[in-house]
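Student:
There are 2 protein chains.
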Amino acid sequence: MIEKLIAKIQETKAPVVVGLDPMLAYIPEQVKAAAFAEFGETLEGAAEAVWQFNRAIVDEVYDLIPAVKPQIAMYEQFGIPGLQAFKRTVDYCHEKGLVVIGDVKRGDIGSTSAAYATAHLGSVQVGSAQLVPFGEDFATVNPYLGSDGVKPFLEVCKSEDKGIFVLVKTSNPSSGEFQDRLVDGKPLYELVGEKVAEWAETCMNGQYSEVGAVVGATYPEMGKVLRKVMPKSFILVPGYGAQGGKAADLVHYFNEDGLGAIVNSSRGIIAAYRQEKYAAFGPEHFAQASRAAVGDMIADINQALENR
Amino acid sequence: MIEKLIAKIQETKAPVVVGLDPMLAYIPEQVKAAAFAEFGETLEGAAEAVWQFNRAIVDEVYDLIPAVKPQIAMYEQFGIPGLQAFKRTVDYCHEKGLVVIGDVKRGDIGSTSAAYATAHLGSVQVGSAQLVPFGEDFATVNPYLGSDGVKPFLEVCKSEDKGIFVLVKTSNPSSGEFQDRLVDGKPLYELVGEKVAEWAETCMNGQYSEVGAVVGATYPEMGKVLRKVMPKSFILVPGYGAQGGKAADLVHYFNEDGLGAIVNSSRGIIAAYRQEKYAAFGPEHFAQASRAAVGDMIADINQALENR
Numbered sequence: 034m035i036e037k038l039i040a041k042i043q044e045t046k047a048p049v050v051v052g053l054d055p056m057l058a059y060i061p062e063q064v065k066a067a068a069f070a071e072f073g074e075t076l077e078g079a080a081e082a083v084w085q086f087n088r089a090i091v092d093e094v095y096d097l098i099p100a101v102k103p104q105i106a107m108y109e110q111f112g113i114p115g116l117q118a119f120k121r122t123v124d125y126c127h128e129k130g131l132v133v134i135g136d137v138k139r140g141d142i143g144s145t146s147a148a149y150a151t152a153h154l155g156s157v158q159v160g161s162a163q164l165v166p167f168g169e170d171f172a173t174v175n176p177y178l179g180s181d182g183v184k185p186f187l188e189v190c191k192s193e194d195k196g197i198f199v200l201v202k203t204s205n206p207s208s209g210e211f212q213d214r215l216v217d218g219k220p221l222y223e224l225v226g227e228k229v230a231e232w233a234e235t236c237m238n239g240q241y242s243e244v245g246a247v248v249g250a251t252y253p254e255m256g257k258v259l260r261k262v263m264p265k266s267f268i269l270v271p272g273y274g275a276q277g278g279k280a281a282d283l284v285h286y287f288n289e290d291g292l293g294a295i296v297n298s299s300r301g302i303i304a305a306y307r308q309e310k311y312a313a314f315g316p317e318h319f320a321q322a323s324r325a326a327v328g329d330m331i332a333d334i335n336q337a338l339e340n341r
Numbered sequence: 034m035i036e037k038l039i040a041k042i043q044e045t046k047a048p049v050v051v052g053l054d055p056m057l058a059y060i061p062e063q064v065k066a067a068a069f070a071e072f073g074e075t076l077e078g079a080a081e082a083v084w085q086f087n088r089a090i091v092d093e094v095y096d097l098i099p100a101v102k103p104q105i106a107m108y109e110q111f112g113i114p115g116l117q118a119f120k121r122t123v124d125y126c127h128e129k130g131l132v133v134i135g136d137v138k139r140g141d142i143g144s145t146s147a148a149y150a151t152a153h154l155g156s157v158q159v160g161s162a163q164l165v166p167f168g169e170d171f172a173t174v175n176p177y178l179g180s181d182g183v184k185p186f187l188e189v190c191k192s193e194d195k196g197i198f199v200l201v202k203t204s205n206p207s208s209g210e211f212q213d214r215l216v217d218g219k220p221l222y223e224l225v226g227e228k229v230a231e232w233a234e235t236c237m238n239g240q241y242s243e244v245g246a247v248v249g250a251t252y253p254e255m256g257k258v259l260r261k262v263m264p265k266s267f268i269l270v271p272g273y274g275a276q277g278g279k280a281a282d283l284v285h286y287f288n289e290d291g292l293g294a295i296v297n298s299s300r301g302i303i304a305a306y307r308q309e310k311y312a313a314f315g316p317e318h319f320a321q322a323s324r325a326a327v328g329d330m331i332a333d334i335n336q337a338l339e340n341r
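These protein sequences, in sequence, are chains Z and Y. With my numbering applied, the first sequence corresponds to residues 34 to 341, in that order. With my numbering applied, the second sequence corresponds to residues 34 to 341, in that order.
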């Protein structure tokens, strides 16, 4: 799957991913009103608003970008109907030719991790049928439980041509609480990075591995180090824009070949119409505001890459 | 919620929890055949089999135990229908008066962790309605992202009278890969344990805190240390039975008051009919086999506690 992602990045000239993390507060009133009119102020109504919001944005941006990253928590908070909207979004993005990174941050022990890998990247056998539960292309994985928790994902990556991004250094302010602690003189995130590099070697697909890493845009110095620790891994970079990460800081997340990283923006794109810069679009043209914001983000990152 | 859990433990004299982690391989043929006859070899058929299996076991064991712990991965692998079976199981266990620990191992950054906390322990506002997405009583939480990822859960614990168990030392063989690494001479799990103790102080409810910890039965020496590091936290102990943890090893997970730990068994209970010891029940009486296994487990742990 990493080869498909690379091909899409080269085709769009856009090493970016749009985070589909719809909070109800981001969704314009007219979208919510229509959904609530049909389904009431219910979980179904909220899920319908989320789905209509996503669809409008995807319709406006799919030709500009290689991939989307729906954050499942934002759907899970609306229970079963929310997860139906998640699945619908995954399927719709596939119809539009997008690579779908399920930001699920799952991770557990052996057979349980295998069930998560099946849920998000694989297929499950029921009697004689082989069925696809959610069917994303990539999933994010939490490494705290060690290799036992990651290996079942590697198996599915190999058998189903899928990929993962393992959390190494997250973008949030308190990520250092455990991730930065020194073990034998090295921060824990670097040890995790070294493990990612090992896992990556077992899952190569062309020049890059199906095993990537998550490294926050908000820690560029660490990104620079981790780029070298995990040479075969794509880095999925959250934290650009709304969280404070700047394009100039992100060039070190890329390899010399111009590949090796994909930068995510969520709020900055899907709620662009709420920013002063894109306010002229108004809530009624929220999706066009997202398109403009995607264009600006791509230009910003490509400019930084040219200037490095 | 910890007070309710304690009251139920005292009432049943059983510091145990039954893990409802249904793999299709554990479900007797007649249950699967009936479900597939109605819904086909589909995700719906698998979910129906899971639900009928769970219900039969819960009907047989609910009066013996304080709590159940459904592992959501085992449901998520059957997609939306699987998660419907999860929700149905949670609701049914509540009807039967059981405390429900959602083994979801979620954890993310700020607003995303807040969405997970809402999904599993809280309620979500949709227009003027306040709705419950999944409604478990406790959830397990992954600490790799630090306090940012845990605090939103603490907020919901306080406002909704719920609780969490934070992963400290997991029961799997490779848990030591990161968790045992020494930071300033102390293993990482101990640092996480110290953080749990801090978080616990902010969420007291009677003698104990709403913030508990997960410490595997397979590492009794570490359990002994962690018991002292987190005096106000209940320890949820996976790994008894099928994974190799023995009752005699577990006494140190309890405090002097006989409280402070709750021991989980999943496979050992729900698939008891497949063990030689309970084979006489046969697949047709699988739920009664589970009842016998629960009785034996309670006796085993109480015996060990008396002998300490």
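Glycine included, C-beta positions come from ideal geometry on N, C-alpha and C.
Just by C-beta distance, which residues in the segment 96–124 of chain Z are closer than 8 angstroms to chain Y?
Tutor: The residues in question are 104, 106, 107, 109, 110, 111, 112, 113, 115, 116, 117 and 120.
Student: At the level of alpha carbons, what is the spacing between residue 135 (chain Y) and residue 105 (chain Y)?
Tutor: Taking the straight line joining both Cα atoms gives about 7 angstroms.
Student: Buried or exposed: residue 215 (chain Y), going by 16 or more other Cβ atoms within 10 Å of its Cβ?
Tutor: Exposed: under 16 other Cβ atoms inside 10 Å.
Student: Since residue 259 (chain Y) is in the alpha helix (DSSP H), which residue starts that stretch and which ends it?
Tutor: Here the alpha helix (DSSP H) through residue 259 (chain Y) covers 253–262.
Student: For chain Z, check one thing: does any of its Cβ atoms lie closer than 8 angstroms to the Cβ of residue 306 (chain Y)?
Tutor: No, no contact with chain Z.
Student: If I follow the unbroken beta strand (DSSP E) through residue 76 (chain Z), where does it start and stop?
Tutor: Not the beta strand (DSSP E): residue 76 (chain Z) falls in the alpha helix (DSSP H), residues 76–94.
Student: Drop a sphere of 10 angstroms on the beta-carbon of residue 235 (chain Z), count the other beta-carbons inside from all chains shown, and report buried for 16 or more, exposed for fewer.
Tutor: Looking at its Cβ environment, which holds fewer than 16 other Cβ atoms inside 10 Å, residue 235 (chain Z) is exposed.
Student: Could one say the Cβ of residue 195 (chain Y) lies closer than 8 angstroms to chain Z's Cβ atoms, at least one of them?
Tutor: Chain Z, which has no Cβ nearer than 8 angstroms to the Cβ of residue 195 (chain Y), makes this no.
Student: Would you call the segment 238–252 of chain Y in contact with the segment 264–284 of chain Y, where contact means no fewer than 3 C-beta pairs closer than 8 angstroms?
Tutor: Output reads yes: the segment 264–284 of chain Y touches the segment 238–252 of chain Y.
Student: For residue 242 (chain Y), which beta-bridge partners are listed by DSSP?
Tutor: According to DSSP, residue 242 (chain Y) bridges with Y:237.
Student: Tell me, to the nearest whole angstrom, how far the beta carbon of residue 293 (chain Y) is from that of residue 267 (chain Y); I am working on the premise that it is less than 8 angstroms.
Tutor: The Cβ separation is near 6 angstroms, so the contact holds.
Student: Does DSSP classify residue 313 (chain Y) as helix, strand or coil?
Tutor: Here residue 313 (chain Y) sits in helix by DSSP.
Student: Could you have a look at residue 176 (chain Y) and say whether DSSP puts it in helix, strand or coil?
Tutor: Reduced to three states, the DSSP call for residue 176 (chain Y) is coil.
Student: For the pair the segment 148–158 of chain Z and the segment 164–179 of chain Y, tell me if three or more CB-CB distances fall below 8 angstroms.
Tutor: Contact between the segment 148–158 of chain Z and the segment 164–179 of chain Y is absent, because fewer than three Cβ pairs lie under 8 angstroms.
Student: Could you tell me whether any Cβ in chain Y is nearer than 8 angstroms to the Cβ of residue 181 (chain Z)?
Tutor: So yes, residue 181 (chain Z) belongs to the interface.
Student: Under the assumption that residue 146 (chain Y) contacts residue 186 (chain Y) (Cβ atoms under 8 angstroms), give the Cβ distance between them as a whole number of angstroms.
Tutor: Rounded, the Cβ-Cβ distance is 7 angstroms, consistent with contact.
Student: Less than 8 angstroms between CB atoms is the rule here; does residue 79 (chain Z) satisfy it with respect to chain Y?
Tutor: Chain Y, which has a Cβ nearer than 8 angstroms to the Cβ of residue 79 (chain Z), makes this yes.
Student: Cβ atoms of residue 71 (chain Z) and residue 81 (chain Z): under 8 angstroms apart, would you say?
Tutor: Yes, these two residues count as a Cβ contact at 8 angstroms.
Student: List, in chain order, every chain Y residue whose beta-carbon is nearer than 9 angstroms to that of residue 186 (chain Z).
Tutor: By Cβ distance, chain Y contributes nothing, its closest Cβ being about 12 angstroms from residue 186 (chain Z), past 9 angstroms.
Student: Contact criterion: CB-CB distance below 8 angstroms. Does residue 202 (chain Z) meet it with respect to chain Y?
Tutor: Not closer than 8 angstroms to any Cβ of chain Y, the Cβ of residue 202 (chain Z) fails to qualify, so no.
Student: What runs of the alpha helix (DSSP H), each 4 residues or longer, lie entirely inside the segment 101–137 of chain Z?
Tutor: Those alpha helix (DSSP H) runs which fall completely within the segment 101–137 of chain Z and span 4+ residues are 106–109 and 112–128.
Student: Taking Cβ positions only, does residue 52 (chain Z) come closer than 8 angstroms to chain Y?
Tutor: It does not: the Cβ of residue 52 (chain Z) has no partner Cβ on chain Y nearer than 8 angstroms.
Student: What residues from chain Z crowd round residue 251 (chain Y), counting only those whose CB sits closer than 7 angstroms?
Tutor: Ordered by position in chain Z, no residue passes the 7 angstroms Cβ test against residue 251 (chain Y), which lies about 10 angstroms from the chain.
Student: Report all residues from its chain with a CB closer than 6 angstroms to the CB of residue 102 (chain Z); omit the five preceding and five following residues, and keep chain order.
Tutor: Excluding residues within five positions, the ones whose Cβ falls inside 6 angstroms are 50, 52, 134, 136 and 297.
Student: Quick check on residue 313 (chain Y): buried or exposed, where buried means 16 or more other Cβ atoms within 10 Å of its Cβ?
Tutor: Result: exposed.
Student: Check residue 185 (chain Z) in the structure and name its three-state DSSP category.
Tutor: Residue state, collapsed to three classes: helix.
Student: In chain order, what residues of the same chain have a beta carbon less than 8 angstroms from the beta carbon of residue 77 (chain Y), not counting five sequence neighbours either side?
Tutor: So the qualifying residues of the chain are 114.
Student: Is residue 265 (chain Z) buried or exposed, if buried means 16 or more other CB atoms sit within 10 Å of its CB?
Tutor: Flag for residue 265 (chain Z) reads buried.
Student: Judging by CA-CA distance, which residue of Y:99, Y:198 and Y:67 is the nearest neighbour of residue 39 (chain Y)?
Tutor: It is Y:99.
Student: Cβ atoms of residue 140 (chain Z) and residue 138 (chain Y): under 8 angstroms apart, would you say?
Tutor: Cβ distance < 8 angstroms, so residue 138 (chain Y) and residue 140 (chain Z) count as in contact.
Student: So which of Z:305, Z:335, Z:332 and Z:231 has the shortest CA-CA distance to residue 323 (chain Z)?
Tutor: Residue 323 (chain Z) has its Cα closest to that of Z:305, out of Z:305, Z:335, Z:332 and Z:231.
Student: Suppose you measure from the CA of residue 96 (chain Y) to the CA of residue 319 (chain Y); what does that come to, to the nearest Å?
Tutor: Answer to the nearest angstrom: the Cα atoms are 17 angstroms apart.
Student: Tell whether a beta-carbon distance below 8 angstroms holds between residue 196 (chain Y) and residue 130 (chain Y).
Tutor: Taking 8 angstroms as the Cβ cut-off, residue 196 (chain Y) and residue 130 (chain Y) do not qualify as a contacting pair.
Student: Assuming contact is defined by CB atoms lying nearer than 8 angstroms, are residue 243 (chain Y) and residue 107 (chain Y) in contact in what I supplied?
Tutor: It is not a contact, given that the beta carbons lie outside the stated cut-off.
Student: Any C-beta of chain Z within less than 8 angstroms: which residues of the segment 201–221 of chain Y qualify?
Tutor: Under the 8 angstroms Cβ criterion, the segment 201–221 of chain Y contributes 203, 204, 205, 206, 207, 208, 209, 210, 211, 212, 214, 215, 216, 217 and 221.
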